[in-house]
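Peer 1:
In the working numbering, the protein residues as written are 2 to 172.
(1) Please report how far the alpha carbon of residue 65 lies from the alpha carbon of residue 130, in whole angstroms.
(2) For the pair the region 76-85 and the region 45-54, tell me if three or more CB-CB distances fall below 8 angstroms.
(3) Would you report the Cα separation of residue 72 and residue 98, rounded to the nearest angstrom?
(4) Can you tell me whether residue 141 is buried or exposed, with buried defined as 16 or more other CB within 10 angstroms of its CB?
(5) How far does the alpha helix (DSSP H) with residue 55 in it extend, from its first residue to its last?
(6) On the CB-based measure, 16 or more other CB atoms within 10 Å of its CB, does residue 105 come out buried or exposed?
(7) Going along the chain, which residues of its own chain have a beta-carbon closer than 7 angstroms to the beta-carbon of residue 116, five neighbours each way excluded?
(8) Mark residue 163 as exposed unless 16 or more other C-beta atoms lie within 10 angstroms of its C-beta, in which case mark it buried.
(9) Using the Cα positions of residue 45 and residue 29, report the straight-line distance between them to the nearest angstrom.
(10) Assuming residue 38 and residue 74 make a contact with CB atoms under 8 angstroms, what is their CB distance in whole Å?
(11) Pick helix, strand or coil for residue 143, following the three-state DSSP scheme.
(12) What did DSSP end up calling residue 14 once you bin it into helix, strand or coil?
(13) At which residues does the alpha helix (DSSP H) containing residue 165 begin and terminate?
(14) In the DSSP assignment, find the unbroken beta strand (DSSP E) run with residue 36 in it and report its ends.
(15) Got a sec, what are the start and stop residues for the alpha helix (DSSP H) residue 133 sits in?
(16) Give me the DSSP bridge partner(s) of residue 52.
(17) Going by C-alpha to C-alpha distance, which of 159, 169, 166 and 48 sits closest to residue 102?
(18) Looking at the structure shown, is residue 27 part of a helix, part of a strand, or coil, going by DSSP?
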C-alpha cells in the first residue's frame with residue numbers, strides 16, 4: 002500500500018510539474034524598446050521602454066534601428082499603424098516590430114493598400130505578432146513571430162518570450 006501511495010504521489014508531482022507553462026523571467030542583456038501607446042507593465046527590470054511616435058518611426062528608421070532593440074505598437078494604435086505611409090518604415094527597420102494584440106497578424110501593416118478592418122481575424126488569436134524584413138531588392142526574407150496566450154500562461158510570460166526573441170535577433 003505504501004508503494005502505491007508513493008507511486009501516486011510521484012505521478013501527481015510529475016503531472017503538476019509537466020503542466021507548468023511558465024516561461025520564466027527574461028534575464029538576458031538590457032533591452033531598449035520603443036513603444037507607441039501605453040508602456041506595458043512587465044516584471045523584468047532590465048527593459049527600458051521609450052515612448053516614440055509614428056512620426057518618429059516614419060522619419061527616423063535608421064537612427065531607431067541603431068538606438069533601439071525593437072518597437073512595440075500597442076493595441077490602441079493598431080488602426081493607425083496600418084496606414085500605408087508606415088509600410089516602408091516597418092520594412093526598412095533593422096529591428097523587429099511587434100504588433101500587440103493584433104487579430105490580423107502582421108499583414109495589414111507591411112502591405113500597401115491593406116486595411117486592418119479588411120483582413121479576417123486569425124484564429125486562434127495571437128497576443129503579439131512580430132515582424133522583421135531582412136530582404137534585399139533581389140531577395141525576399143521576412144521573419145515573423147506569433148505569441149499566443151495559453152490558458153495557464155500569463156501575459157508576463159509572453160513578454161518574457163518576446164524579450165528573449167528580441168535578444169536572439171539582435172545578438
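We treat Cβ as the ideally placed atom computed from N, Cα and C, and that holds for glycine.
All values reported here derive from a predicted model rather than from experimental measurement.
Peer 2: According to the structure data:
(1) 20 angstroms
(2) By the C-beta criterion, the region 76-85 is judged not to be in contact with the region 45-54, since fewer than 3 inter-stretch pairs fall below 8 angstroms.
(3) 5 angstroms
(4) Burial is judged here by how many other beta carbons sit within 10 angstroms of a residue's own beta carbon; residue 141 has fewer than 16 and is exposed.
(5) Bounds of the alpha helix (DSSP H) holding residue 55 are 55-60.
(6) buried
(7) 83 and 109
(8) buried
(9) 10 angstroms
(10) 7 angstroms
(11) Three-state result, residue 143: strand.
(12) No answer about residue 14 holds up, because its pLDDT of 35 lies below 50 and its placement is not dependable.
(13) 156-171
(14) 32-37
(15) Segment 129-134 is the beta strand (DSSP E) holding residue 133; no alpha helix (DSSP H) there.
(16) 36
(17) 159
(18) The DSSP-derived three-state label of residue 27 is coil.
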